[in-house]
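Student:
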Amino acid sequence: MTQQRKVILEELKKINSHPGADEIYERVRKRLPQISLGTVYRNLEILSELGEIQNLELGGTPKRFDSNPKKHYHVRCSRCGRVDDVPIAPLKKIENEICGATVFTIIGHRLEFTGFCPECSEKNAFP
């Protein structure tokens with residue numbers, strides 16, 4: 002793995018949220034001042050293709066990245082865009098049933114939950 006990729010991956014793993022490339026770039030640039038935003042984008046795509054990270058394309062928002070490459074669900078705040086992990090796998094049974102009922106080998110699916118994060122709910126009195 003290249004030094005640039007290592008630094009990008011290290012910085013992404015330090016972030017508890019699911020940042021966009023711009024936020025990752027700002028952090029990486031502190032360690033690698035000569036790096037360009039384009040280089041960060043390309044390396045994030047490569048890390049995603051290698052299965053080191055997840056590339057999240059959520060509801061028409063700019064791409065975000067997740068340092069946890071294991072399959073899991075996300076919930077996105079419809080107001081501020083905050084993205085959190087969903088700590089359960091509610092569709093595993095359905096996925097297994099689809100495998101049994103079809104000739105397909107299921108390799109994945111996309112499901113996005115939306116709602117309001119605690120801060121937005123409190124500010125705007127959402128239930």
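Just remember that my numbering sits 1 ahead of the position in the sequence shown, which is counted from 1. From the three backbone atoms N, C-alpha and C, an ideal C-beta is built for every residue, glycine too.
Relative to the C-alpha of residue 108, which residue among 59, 119, 93 is closest?
Tutor: 93
Student: Per DSSP, residue 69 forms a beta bridge with which residues?
Tutor: In the DSSP output, where bridge partners are listed per residue, residue 69 has none listed.
Student: Taking the DSSP output, what are the residues bridged to residue 23?
Tutor: Note: residue 23 sits in no beta bridge, so no partner.
Student: Going by the DSSP bridge assignment, what does residue 116 pair with across the sheet?
Tutor: 78
Student: Contact defined as beta carbons within less than 8 Å: I believe residue 77 pairs with residue 60. What is the distance between those atoms, to the nearest angstrom?
Tutor: 6 Å
Student: Using a Cβ-Cβ cut-off of 8 Å (strictly less than) and excluding sequence neighbours within five positions of residue 9, which residues of its own chain qualify?
Tutor: 25, 29, 41, 44, 45, 48
Student: When DSSP labels each residue in this structure, what does residue 56 get in the three-state scheme?
Tutor: In this structure, residue 56 counts as strand in the three-state DSSP scheme.
Student: Consult DSSP for residue 104 and reduce its assignment to one of helix, strand or coil.
Tutor: coil
Student: With a threshold of 8 Å on Cβ separation, who are the neighbours of residue 80 within its own chain once the five nearest residues in sequence on each side are excluded?
Tutor: Result list for residue 80: 117, 118, 121, 125, in chain order.
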